[in-house]
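Going by my numbering, the sequence shown opens with residue 180, and the numbers climb by one from there.
Inspection log for the structure reproduced underneath, given as structure tokens.
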Amino acid sequence: MTSSPCRPAPKPPLRIGIAGLGTVGAGVVKLLRENADLIHARAGRELVVTAVSARDRTRDRGVDLSNVAWCDTPEELATHPDVDVVAELIGGAEGPARLTVTRALENRRPVVTANKALIAIHGAELACTAQAAGVPLMFEAAVAGGIPAIKTVREGLAADRILKIGGILNGTCNYILTVMHETGRDFAEILADAQKLGYAEADPSTDVDGIDTAHKLAILAGLAFGRPVVFASVYIEGIRRIGALDLQFARKMGYRIKLLGIARQHENGIEARVHPCLVPQDAPIAQVNGVFNAVVVEGAFVGRLMLEGRGAGEGPTATAVCADLIDIARGSAMPVWGCAADSLMQAVALPAKSFTGEYYLRLNVEDRPGVIADITAVLRDNGVSLRSMLQHADAHDVRPDGTHAVPLVLLTHRTNEAAMQHALHHIAELPAVLDEPALIRIEAA
Ligand SMILES: NC(=O)C1=CN([C@@H]2O[C@H](COP(=O)(O)OP(=O)(O)OC[C@H]3O[C@@H](n4cnc5c(N)ncnc54)[C@H](O)[C@@H]3O)[C@@H](O)[C@H]2O)C=CC1
Ligand SMILES: N[C@@H](CC=O)C(=O)O
Ligand code: NA
Numbered sequence: 180m181t182s183s184p185c186r187p188a189p190k191p192p193l194r195i196g197i198a199g200l201g202t203v204g205a206g207v208v209k210l211l212r213e214n215a216d217l218i219h220a221r222a223g224r225e226l227v228v229t230a231v232s233a234r235d236r237t238r239d240r241g242v243d244l245s246n247v248a249w250c251d252t253p254e255e256l257a258t259h260p261d262v263d264v265v266a267e268l269i270g271g272a273e274g275p276a277r278l279t280v281t282r283a284l285e286n287r288r289p290v291v292t293a294n295k296a297l298i299a300i301h302g303a304e305l306a307c308t309a310q311a312a313g314v315p316l317m318f319e320a321a322v323a324g325g326i327p328a329i330k331t332v333r334e335g336l337a338a339d340r341i342l343k344i345g346g347i348l349n350g351t352c353n354y355i356l357t358v359m360h361e362t363g364r365d366f367a368e369i370l371a372d373a374q375k376l377g378y379a380e381a382d383p384s385t386d387v388d389g390i391d392t393a394h395k396l397a398i399l400a401g402l403a404f405g406r407p408v409v410f411a412s413v414y415i416e417g418i419r420r421i422g423a424l425d426l427q428f429a430r431k432m433g434y435r436i437k438l439l440g441i442a443r444q445h446e447n448g449i450e451a452r453v454h455p456c457l458v459p460q461d462a463p464i465a466q467v468n469g470v471f472n473a474v475v476v477e478g479a480f481v482g483r484l485m486l487e488g489r490g491a492g493e494g495p496t497a498t499a500v501c502a503d504l505i506d507i508a509r510g511s512a513m514p515v516w517g518c519a520a521d522s523l524m525q526a527v528a529l530p531a532k533s534f535t536g537e538y539y540l541r542l543n544v545e546d547r548p549g550v551i552a553d554i555t556a557v558l559r560d561n562g563v564s565l566r567s568m569l570q571h572a573d574a575h576d577v578r579p580d581g582t583h584a585v586p587l588v589l590l591t592h593r594t595n596e597a598a599m600q601h602a603l604h605h606i607a608e609l610p611a612v613l614d615e616p617a618l619i620r621i622e623a624a
């Protein structure tokens, strides 16, 4: 029998050290074992977990770790002699996660991480460390979990000029908004469900205050526009102030409410913002519900594309981590930000006052003559043009002091954020405006 002339020499197994054995870390161990043969065939070599580190050695994670070295600290794992590649699955932009990744890269160990906070905040610096060491730093799981968003931008769209990127990037918020829309249930109760399902971050305010979406948006924008974005310059607003009333009114007016990350390349810089948006209910993104994420990209040549999938949870996130490990096993390394690190300058995003768009404004007003005239006068004085207005008499309420209150919803034409904020400030001060107004941006999506 003759051996095939194209059969490559067998490669030694790739030895993986896993720092962090929570939802994602335990999921990676399970996936590598359950699909070991398939992964071996696709990577051209075996992928084996040789060392792990976590806070609690005794916890049952549903995986057998008896033949795996235990490291008391993740930094020890980063330089362990039986580890070729480090998977950092601890989380957090600072502390043990940052130290583990830095130490591994400095010791010429390739790193795979799911840590969006770390990459969004320290990604430019870590890219330089990785490049100086000549090893890959991969983070497919950091953006939109199981959706191959990073690969799509860095590899699939490498030839195109990207004009806009973003989408629904947080599973927890999309889950909360979907369940609120469908059931009218309370925000806090739904958040507790998302935590039980393993979707939420260790501190769930990172999810509901829009920070997690902003981490992912900053990473996508950095890849799409060839320059890491200074994270502190991203405009961020979360979903805490979205009330059941807004979801009801949005539905009546033909919209859904979604937390979106939106980044655009303008001639004078990059716009990067995260906030709840009204999106037309027939837009594809409005149909993306539950824990599902959607990444939307617009390229000059490719046009518009949307990728939808599970953005959080054990299985989807582990799939993305393992895809990066397979790339490393195959020897295919991509530049961290899609460009050589020595040519990287960080970009400061444009200020919020430069945004333009349409707005939804919900007011609770005293139901008496002249109130609408006062409000529209403020809008007129600020150059904000009204598109439509609805007074919701069915939600009429008599307050203990006898005041008749009624919700009033205004939709504007396209206007400038600075003008809208100025008008909002003056409207909130009118005596007939009873509670704090709710302002939500409208996005064609
Ligand atoms: N859960 C999800 O659906 C997704 C999570 N991610 C990211 O993946 C990373 C891990 O997330 P989860 O698995 O959900 O977190 P988790 O909280 O379930 O697990 C964290 C693990 O890190 C370990 N750890 C914490 N501090 C440590 C320390 N000082 N030394 C050693 N180990 C330590 C904990 O013991 C635990 O095993 C985070 O960066 C998160 O943002 C990314 C995409 C989706
Ligand atoms: N907490 C995140 C998890 C994945 O990044 C989310 O809810 O999307
Ligand atoms: Na991904």
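Glycine residues also receive a C-beta, built at the ideal position from the N, C-alpha and C atoms.
Values in this document were obtained by computation on a predicted structure and should not be read as measured data.
Report whether the distance from the Cβ of residue i to the nearest heavy atom of ligand 3 is below 6 Å.
| i | result |
| --- | --- |
| Ala499 | yes |
| Ile326 | yes |
| Ala323 | yes |
Does the beta-carbon of residue i have 16 or more other beta-carbons within 10 angstroms, so that it is buried, or is it exposed?
| i | result |
| --- | --- |
| Ala411 | exposed |
| Gly549 | exposed |
| Asn246 | exposed |
| Gln444 | buried |
| Ala371 | exposed |
| Val563 | buried |
| Arg224 | buried |
| Arg541 | buried |
| Phe480 | exposed |
| Arg340 | exposed |
| Gly488 | buried |
| Asp216 | exposed |
| Asn447 | exposed |
| Asp386 | buried |
| Gln310 | buried |
| His454 | buried |
| Glu416 | buried |
Could you check where the alpha helix (DSSP H) with residue i kicks off and where it finishes?
| i | result |
| --- | --- |
| Gln600 | 596-607 |
| Gly204 | 202-213 |
| Ala303 | 295-312 |
| Lys375 | 366-375 |
Enumerate in chain order the residues of its own chain whose CB-to-CB distance from residue i is below 6 Å, with the five nearest sequence positions on each side excluded.
| i | result |
| --- | --- |
| Arg287 | Ala312, Val314 |
| Leu609 | Asp553 |
| Val413 | Ala393, Ala397, Ala451, Ala528 |
| Ile300 | Ala272, Phe410 |
| Ile441 | Gly345, Arg452 |
| Met513 | Arg333 |
| Gly196 | Ala230, Leu256, His259, Val262, Val265 |
In chain order, what residues of the same chain lie with their CB nearer than 7 Å to the CB of residue i, ignoring the 5 residues before and after it?
| i | result |
| --- | --- |
| Val280 | Glu267, Val290, Thr292, Leu297, Leu305 |
| Leu244 | Val231 |
| Ala429 | Arg435, Ile436, Leu457 |
| Gly478 | Leu336, Asp339, Arg340, Ile341, Leu342 |
| Ala607 | Glu615, Pro616 |
| Arg420 | Ala617 |
| Arg620 | His454, Cys456, Gly536, Tyr538 |
Does the beta carbon of residue i fall short of 6 Å from some heavy atom of ligand 2?
| i | result |
| --- | --- |
| Gly350 | yes |
| Glu319 | no |
| Ala379 | yes |
For residue i, is the beta carbon positioned less than 6 Å from some heavy atom of ligand 1?
| i | result |
| --- | --- |
| Leu399 | no |
| Arg224 | no |
| Leu268 | yes |
| Leu305 | no |
| Thr237 | no |
| Ala491 | yes |
| Val474 | no |
| Thr357 | no |
| Val203 | yes |
| Asn294 | yes |
| Thr496 | yes |
| Ala411 | no |
Quick one: give me the first and last residue of the beta strand (DSSP E) that residue i is part of.
| i | result |
| --- | --- |
| Glu361 | No beta strand (DSSP E) holds Glu361; the alpha helix (DSSP H) holding it covers 350-362. |
| Gly478 | 471-478 |
| Arg288 | Taken as a continuous stretch (DSSP letters only), Arg288 belongs to no beta strand (DSSP E), as it is neither H nor E. |
| Glu545 | 535-545 |
| Pro586 | 583-591 |
| Lys532 | Segment: none, Lys532 is in no beta strand (DSSP E) and carries neither H nor E. |
| Leu193 | 193-198 |
| Ile619 | 617-621 |
| Leu613 | It is not in any beta strand (DSSP E) - Leu613 carries neither H nor E in the DSSP assignment. |
| Val380 | The sequence given here places Glu at residue 380; Val does not occur at that position. Looking at the DSSP string, Glu380 is not in any beta strand (DSSP E), and its letter there is neither H nor E. |
| Leu342 | 341-347 |
Suppose the cutoff is 8 Å on Cβ atoms and the five residues either side in sequence are ignored; what does the same chain contact list for residue i look like?
| i | result |
| --- | --- |
| Leu193 | Ala222, Arg224, Glu225, Leu226, Val227, Asp263, Val264, Leu504, Ile507, Ala508 |
Subject >> Entirely enclosed alpha helix (DSSP H) segments - the segment 392-454, minimum 4 residues >> reply: 423-431
Subject >> Uninterrupted alpha helix (DSSP H) stretches inside the segment 218-268 (no shorter than 4 residues) >> reply: Runs found: 253-257.
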